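J.: This is the structure I have questions about; it appears just below.
Numbering (our numbering), first residue to last: 1478 to 1913.
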């Protein structure tokens, strides 16, 4: 999450203020049995809906450009050969493991259950109408190969017009691979154009995010007025499960991958990357941590310069295990909260979109927000539910950024195994200076 300031106060602080104000007002209404004037509730809901619609408006071009450019940046595949393919395979496999851990934790502990079904159905009905016209429904099963068939659009323009997120993301993935394979001055220019689209979308996203404190207050007021104290209990359970899943991936999966696939002692690895871990947790920014990660990879882990720089640079946008895990946990938690039962096929869809979303939106300030809202609408959960998690998102953002940065260094360690700097002379690249 970005830390841009308003009047010297970081944006996340304003978001926390909006969260507390909306939660406090909603709890006061709920506990005292007050009735809010209908036009006031309509106004409150409209403000939240405007925020969500603005996100939905921007999410498809953002995802397409980010995913296509993220894959195309592996255009170094032709010069680095195995390193690029190993990076891509690592990203897909480890992101899948991360999402699977998150989904498994939510299914086991079920932090979203226990809410009054009648109240959940009431809010579910409110969100269904607003979401129906924004995002098409996801496939309900994977029987007879229908799921895989539906992933491939017969007409990508029609799929985009109908807001079918998964087919558009598959097309963006193939488009990026095509730009890698058809490397030429023309495709380089096309990549620059898509990069421009991405930057425009990010600028607009950042403008929309500035409305988040007001939107959070409105969304939380509506939710707290309906659910009362149940909201706080469920929210605490959600945060605990999310952090627990990230801890398992950080301290179980990563050490095993470093040891087995990277051939390095896990204790040596974590001791060497202690500095980028601290920077990532304190700044909640993968991009801000990148210079530190590059320096540590070369000086502490002794990884080949050309490999580590390639993997860490691409990984800052494409290898985001923490983001993918967070998205999966959040979607399933909110589905449980609103009483939406997702079958195995639908959970596999969520898992796939989270993996692709991790590639397409990683390293983007607040990039997971529109993706989560869109997935929620895909599986029939009110997108308004994102208001539940935004107030505690700063701490979770710090945790998942730490997971993302550590995952990039794990990837660099694995891909560097058996590689050397023989292709690039040591004096051909200027060393990265440590951050001020």
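All C-beta atoms, glycine included, are put in the ideal place defined by N, C-alpha and C.
As the structure is a computational prediction, the values presented were derived from the model and not from experiment.
Any contact between the region 1582–1589 and the region 1714–1722? By contact I mean 3 or more CB pairs, one from each, below 8 Å.
T.: In short, these stretches touch, since the Cβ pair count reaches three.
J.: Who are the near neighbours of residue 1891 in its chain, counting only those whose CB is closer than 8 Å to its CB and skipping five residues on each side?
T.: 1563, 1567, 1734, 1735, 1738, 1739, listed in sequence order.
J.: Give the secondary structure of residue 1826 by DSSP, where H, G and I count as helix, E and B as strand, and everything else as coil.
T.: Helix, per DSSP.
J.: Could you pull out every residue in the same chain whose Cβ sits closer than 8 Å to the Cβ of residue 1878, ignoring the five residues on either side in sequence?
T.: Correct list, in chain order: 1757, 1758, 1760, 1761, 1762, 1763, 1766, 1799.
J.: Between the Cα of residue 1867 and the Cα atoms of 1658, 1815, 1656, 1811, which residue gives the shortest distance?
T.: Residue 1811 is the option with its Cα nearest to residue 1867.
J.: With DSSP as the reference, label residue 1486 as helix, strand or coil.
T.: Here residue 1486 sits in strand by DSSP.
J.: Assuming residue 1546 and residue 1675 make a contact with CB atoms under 8 Å, what is their CB distance in whole Å?
T.: With a Cβ gap of about 6 Å, residue 1546 and residue 1675 count as contacting.
J.: Would the region 1493–1500 and the region 1682–1697 be scored as touching if the rule is three or more Cβ pairs under 8 Å?
T.: Flag = yes, the region 1493–1500 and the region 1682–1697 touch.
J.: Do the CB positions of residue 1753 and residue 1730 come within less than 7 Å of each other?
T.: No. Outside cutoff.
J.: In this structure, how does DSSP classify residue 1587 when only helix, strand and coil are distinguished?
T.: Three-state result, residue 1587: coil.
J.: Here's the rule I'm using: 16 or more other beta-carbon atoms within 10 Å means buried, otherwise exposed. How should residue 1666 be labelled?
T.: Classification of residue 1666: exposed, given that the 10 Å Cβ count is below 16.
J.: For the alpha helix (DSSP H) containing residue 1730, name the first residue and the last one.
T.: Note, residue 1730: premise wrong, no alpha helix (DSSP H); not H, not E.
J.: Grab me the residues of residue 1786's own chain with a C-beta within less than 7 Å of its C-beta, minus the 5 sequence neighbours each way, in chain order.
T.: Correct list, in chain order: 1771.
J.: Output needed for residue 1573: all residues of its chain with C-beta closer than 8 Å, excluding positions within five of it in sequence on either side, in chain order.
T.: So the list reads 1828, 1832, once near-sequence residues are dropped.
J.: CB-CB under 6 Å to residue 1464, same chain, minus the five flanking residues each way: which ones, in chain order?
T.: Since the first residue of the chain shown is 1478 and the last is 1913, residue 1464 is not available in this structure.
J.: Residue 1809 and residue 1856 - do their beta-carbons sit closer together than 7 Å?
T.: No, these two residues do not count as a Cβ contact at 7 Å.
J.: Can you say whether residue 1741 is buried or exposed, counting buried as having 16 or more other CB atoms within 10 angstroms of its CB?
T.: Flag for residue 1741 reads buried.
J.: Check this for me: beta carbons of residue 1885 and residue 1789, under 7 Å apart or not?
T.: Yes, the Cβ-Cβ distance between residue 1885 and residue 1789 is below 7 Å.
J.: Note down, one range per segment and in chain order, each alpha helix (DSSP H) of at least 4 residues found wholly within the region 1857–1882.
T.: DSSP runs (the alpha helix (DSSP H)) wholly in the region 1857–1882: 1863–1867.
J.: Under a three-way DSSP split, which group does residue 1683 fall into?
T.: In this structure, residue 1683 counts as helix in the three-state DSSP scheme.
J.: Could you give the C-beta distance for residue 1576 and residue 1805, rounded to a whole number, given that I count them as a contact under 8 Å?
T.: Correct: roughly 4 Å between the Cβ atoms.
J.: Alpha carbons only, please: which of 1549, 1834, 1825 is nearest the one belonging to residue 1670?
T.: Of 1549, 1834, 1825, the residue nearest in Cα terms is 1549.
J.: Sorted by chain position, which residues of the same chain lie with C-beta nearer than 8 Å to residue 1644's C-beta, five sequence neighbours on each side aside?
T.: Result list for residue 1644: 1627, 1628, 1629, 1630, 1633, 1636, in chain order.
J.: Is it the case that the Cβ atoms of residue 1702 and residue 1506 are separated by a distance below 7 Å?
T.: Cβ distance < 7 Å, so residue 1702 and residue 1506 count as in contact.
J.: Using the three-state DSSP reduction, which class does residue 1706 fall into: helix, strand or coil?
T.: Three-state result, residue 1706: coil.
J.: Taking all protein chains shown into account, do 16 or more other C-beta atoms lie within 10 angstroms of the C-beta of residue 1751, making it buried, or fewer, making it exposed?
T.: With fewer than 16 Cβ atoms within 10 Å of its Cβ, residue 1751 is classed as exposed.
J.: Which residue comes first and which comes last in the alpha helix (DSSP H) that contains residue 1743?
T.: 1743–1749 is the span of the alpha helix (DSSP H), which, as asked, contains residue 1743.
J.: Let's test the definition: count the other Cβ atoms within 10 Å of the Cβ of residue 1517 and tell me whether it reaches 16, buried, or not, exposed.
T.: So residue 1517 counts as exposed.
J.: Is the distance from the Cβ of residue 1588 to the Cβ of residue 1816 below 7 Å?
T.: For residue 1588 and residue 1816, no; Cβs fall outside 7 Å.
J.: How far does the alpha helix (DSSP H) with residue 1846 in it extend, from its first residue to its last?
T.: Its alpha helix (DSSP H) spans residues 1845–1855.
J.: For residue 1715, is the classification buried or exposed, using 16 other Cβ atoms within 10 angstroms of its Cβ as the cut-off for buried?
T.: Residue 1715 comes out buried.
J.: For residue 1889, I'd like the list of residues in its chain whose CB is within less than 6 Å of its CB, leaving aside the five on either flank, ordered along the chain.
T.: Cβ neighbours of residue 1889 beyond the five flanking positions: 1774, 1780, 1785, 1788, 1789.
J.: What's the gap between the Cα of residue 1881 and the Cα of residue 1693?
T.: If you take the alpha carbons of residue 1881 and residue 1693, they lie about 26 Å apart.
J.: Indicate whether residue 1863 and residue 1849 have their beta-carbon atoms separated by less than 7 Å.
T.: Yes, Cβ-Cβ distance for residue 1863 and residue 1849 is below 7 Å.
J.: Just to confirm, are residue 1532 and residue 1649 a CB contact at a threshold of 7 Å?
T.: Going by C-beta atoms, residue 1532 is not nearer than 7 Å to residue 1649.
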